Structures are given as structure tokens and as C-alpha cells.
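Notes to accompany the following structure.
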Ligand SMILES: *Cc1c(COP(=O)(O)O)cnc(C)c1O
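In C-alpha cells:
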């Protein structure tokens, strides 16, 4: 029996994608970004598949603690840092390395007298205008952090790009130049590049790279698929047909009755919906694979089901296999049809979907 709504994970593809990172950045250390439950793939499972990386990065302290409790001994950076003394205490207990981006964090550090217990990543805001210190305040902040006995020296230095996925946009070079000018002469290790920069901005590759989405075989660029970049998708989302029936010209399908049948055809109902993380805004025409053949989505996506026009497939039956995205149907393509980015699709797969590891 083919189950409804399963995400099949090809963990061998993770190592393949890691080798692509290494070929783009052969001399850099790799900090694998596995926040948000490993981009929806299962954080601990992905960490186990990536045991040979130099470090992991997650967004939040609780994600880092979960990795430690699962037995990971790699270095772990916490990209959002901490906001209170209690969280700093947890960072120290679990040997996690916070990103330091705010004056409030400095005040917390300065109140401590431990010796050299905390490795940090000092973040410079070079144009993203989200987290980090501005170049003009950097020197003063750096001096204060140098005086903190709790902070291990030398301090690691990082920034994050706003537009690295736009390969013609000069902003990334401006960010790289501002970063290099700001940290010039300091001895700490440097980290700039996310997936898009690893693939498109060799000037951004430094002591450390921070790949996220590319490890999952997904392209960071709107104009290409991961497969076109030599990556292999890790996740395939599958379900099954649960009903097959004729519909007549003039019949409307689904909530709102927005799609109206123009000529007699065969309708297929698939057990997948936004309750599984299939995008609610997928447009009519979004491709779906039924028994390996492409058919268009029709009508609105509902919570548990979608409807497709089985048209030419004469032998489709309830129970047949359906693929929503995967090797033969890039998730990047589904993202374009849904006016979103593939990151949101894989992150959005819900609890109801079984995650299973592909064998062999
Ligand atoms: C999420 C994140 C990354 C990884 O980005 P991708 O586009 O998935 O490669 C790298 N650095 C920081 C600071 C991040 O928040």
C-alpha cells in the first residue's frame, strides 16, 4: 500500500551536496546551517548525516541544546544569540557559541567574571539591517568584548548578505568590502557566505562558509533548480490518489467553485493539502506527478486534498502513487507556481506527514 503524505529523505544526497560545498570552498571550514528542524527534514537526522562538518549553526538556544542532547559533539553556533542571563547560562552549560549582535548582550557579558568560557561570533551589519553592529560602532564594541574575561579570544567575525541570490546585484560586493574594511587587521576567523554566496560570490568565501539550503539539494536562486547546480534533492513529498471520477463540461471543482470544467475529463483527488504543508496558493496548472506523469492541479488546495486533471492518464486508480515534489519534479518549480521560495515549502511540511529515510 502506498501511504498518504510521506516525505522520503535521501540522506546520501546530503553528503553529495556537502561535497559540492567543499568543491566551491575547498579551503574553508564548514558550518552547516540546520535551523528550523533542519529546513523541515528533521534536525537531528540531518546532523547525523553531516557528522563530519566543522560546526553546526541553528537559530535558537533550544535547538542547540537538542543537538547536544542527541549526542552531537561538533561546535554549534547560535545565530540569534541570547537575550538574557539565563540563556547565557545555558549556552555555557551546553558549550554553544552565540552570535553577538546587540549592546544588551555586551552588558550581560560585562557582568560576568568567568575565565574564557564562551566562544562568540561577532556580527557586523553590513547592509541587511537585521542583526549586528554597524561598522561605525564596531571598533568600540570590539574593544569592550576584548576586555571581557568570559569571552574566548580571538573573537570570530561574521556578516550576512541580503541579496546574494541576485547575481547581478552590486550590493553583495559592497557588503563584502565593508566587512573586510571593518575587520581589517584583526586576527579572528571570518565567516560571510550563505549558500547563494558559496555558489555565486567567490569573493565572499573566507575562513568559514555557512551553507543551509544547498545542503538539502535546493537552489538559493529563483532562476535555477538545485539539480541544474549539481545538487541532489534530499526530500521527496509523496501521497496517493484516493478517488478518480469523470467530470463534465460546466462542473465546478473545489471550494469557491473557481475552476470550471471546459470539456469532459477525469478528475483525480489526491490526499495532500495545506494541512500537510502543500502550499495553499499553488495556482491552477501547478504540476503534480501521477504514476510518474505530469498532470495539472485544478481548483483550490484544501486542507487534506487537492484535485488534478487526469486528462490523458486512462489507467489511473485510487491508491496510485503521486509525487508533489522530488527528483522528477523540482520543489523550486512548485515554489514558482505558488509565488513563494522553496525554503518555505520544505520548512512547512507539517507534523502529520511521516518523514521516512530512503533505504538503498
Ligand atoms: C539561514 C542562514 C544561513 C544559511 O542560508 P542559506 O540561504 O539557507 O544557505 C547562513 N547564515 C545565516 C546567518 C543564516 O541565518
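Numbering (the working numbering), first residue to last: 101 to 460. C-beta atoms are modelled at their ideal positions from N, C-alpha and C, and glycine is treated no differently. Nothing here was measured: the structure is a model prediction, and the numbers come from that model.
Short Cβ contact (8 Å threshold) for residue i with residue j
i	j	result
residue 298	residue 309	yes
residue 403	residue 373	yes
residue 361	residue 136	no
residue 167	residue 144	yes
residue 181	residue 158	no
residue 337	residue 303	no
residue 416	residue 390	yes
residue 236	residue 208	no
residue 165	residue 218	no
residue 196	residue 241	no
residue 265	residue 346	no
residue 275	residue 261	yes
residue 413	residue 395	yes
residue 411	residue 341	no
residue 222	residue 255	yes
Beta-carbon separation (whole angstroms), residue i vs residue j, contact threshold 8 Å
i	j	result
residue 439	residue 381	6 Å
residue 109	residue 334	6 Å
residue 259	residue 232	7 Å
residue 359	residue 312	Not really, about 36 Å apart at Cβ, beyond 8 Å.
residue 406	residue 449	That pair is no contact at about 15 Å.
Cross-strand partners of residue i (DSSP beta bridge)
i	result
residue 322	For residue 322, which the question treats as bridged, DSSP gives no partner whatsoever.
residue 129	308
residue 175	155
residue 221	199, 256
residue 234	225
residue 368	344, 408
residue 425	337
residue 287	In DSSP, residue 287 forms no bridge with anything.
residue 459	Bridge partners of residue 459: none, in fact.
residue 454	106
residue 389	394, 423
Where residue i sits in the DSSP three-state scheme
i	result
residue 384	coil
residue 301	coil
residue 168	helix
residue 114	helix
residue 141	coil
residue 442	helix
residue 104	coil
residue 150	coil
residue 292	strand
residue 272	helix
residue 119	helix
residue 186	helix
residue 313	helix
residue 208	helix
residue 331	coil
residue 398	strand
residue 353	strand
residue 434	helix
Minimum Cβ-Cβ distance from residue i to chain C less than 8 Å
i	result
residue 224	As a matter of chain content, chain C is missing from the structure shown, which is built from one protein chain.
heavy atom of ligand 2 below 7 Å from residue i C-beta
i	result
residue 434	Of the ligands one can find in the structure shown, namely ligand 1, none is ligand 2.
Chain-ordered residues, beta carbon under 7 Å from a heavy atom of ligand 1: That query returns the following residues: 133, 135, 157, 159, 179, 260, 294, 295, 296, 310, 311, 312, 313, 314, 320, 443.
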